[in-house]
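Residue numbers (the UniProt record's numbering): 1 to 222.
The beta carbon of each residue, even a glycine, is placed where N, CA and C say it ideally should be.
It should be emphasised that the depicted structure is a prediction, and the values quoted were computed from it without experimental measurement.
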């Protein structure tokens, strides 16, 4: 690049910087309130690159065209109006800084409140102390019943009275005798109906829907 071209490029950059500074100073005077660099960049809708905004603000502040004041990690910039004293401008800057701090605190407290609301929702859905007491009493009663039952079983005590055992045996004998009679009746009838091979006999029973005792695992003969 030739020397003339370098000078031309440098001049163009200076012209751009001067233009940006003029725009930013005019913007601050028009709004007549403090801003930080990010707010100015956003409010200018990106018409000036953020790096150029930061550079122009620093330059114009050094030139005493605008007022700057550092608060924590941020720098607040404000316009200088003829009818305002330096104290007035500093008050505005301090108020702006305080406002930004308050807004950040508000956002933080909103997040905390959101978390507390979530915890409250969980607690609200949880059983109350009364509900838990009722549930504990119910489980205690059921546990006592089961424990009593376990004690009886562990003691080896005869759970079914002899009279009831005898009645069950008598019923079993009667039912088994009835089964023998019915089984004999079926065999006689089936012999008259069918007289063929065993395989075809089972096939025919399957078609008709007859189930034998063996099919269902019943062995009364034993």
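Continuous alpha helix (DSSP H) stretch holding residue i: start and end
i           : result
residue 141 : 129-154
residue 175 : 162-193
CB contact flag (residue i, residue j, <8 Å)
i          : j          : result
residue 66 : residue 23 : no
residue 78 : residue 53 : no
residue 17 : residue 56 : yes
residue 75 : residue 34 : no
residue 41 : residue 30 : no
Nearest-angstrom Cα separation, counted from residue j out to residue i
i           : j           : result
residue 124 : residue 131 : 13 Å
residue 155 : residue 149 : 10 Å
residue 72  : residue 103 : 15 Å
residue 231 : residue 135 : The structure shown has nothing for residue 231, since the chain only spans 1 to 222.
residue 97  : residue 15  : 32 Å
residue 182 : residue 218 : 14 Å
residue 80  : residue 61  : 10 Å
residue 141 : residue 147 : 10 Å
residue 4   : residue 63  : Confidence at residue 4 is low in this model, with a pLDDT of 49, below 50, so the placement of that residue is unreliable and no value is reported for it.
residue 188 : residue 209 : 18 Å
residue 157 : residue 151 : 10 Å
residue 70  : residue 112 : 28 Å
residue 162 : residue 172 : 15 Å
DSSP-derived helix/strand/coil call for residue i
i           : result
residue 63  : coil
residue 219 : coil
residue 20  : helix
residue 75  : strand
residue 206 : helix
residue 36  : strand
residue 101 : helix
residue 52  : helix
residue 124 : helix
residue 30  : helix
residue 45  : coil
residue 214 : coil
Top-ranked residue by Cα proximity to residue i, from the options
i           : options              : result
residue 91  : 42, 32 and 201       : 32
residue 227 : 214, 44 and 74       : The structure shown does not extend to residue 227, since the chain spans only 1 to 222, so no value can be given for it.
residue 213 : 192, 179, 133 and 29 : 179
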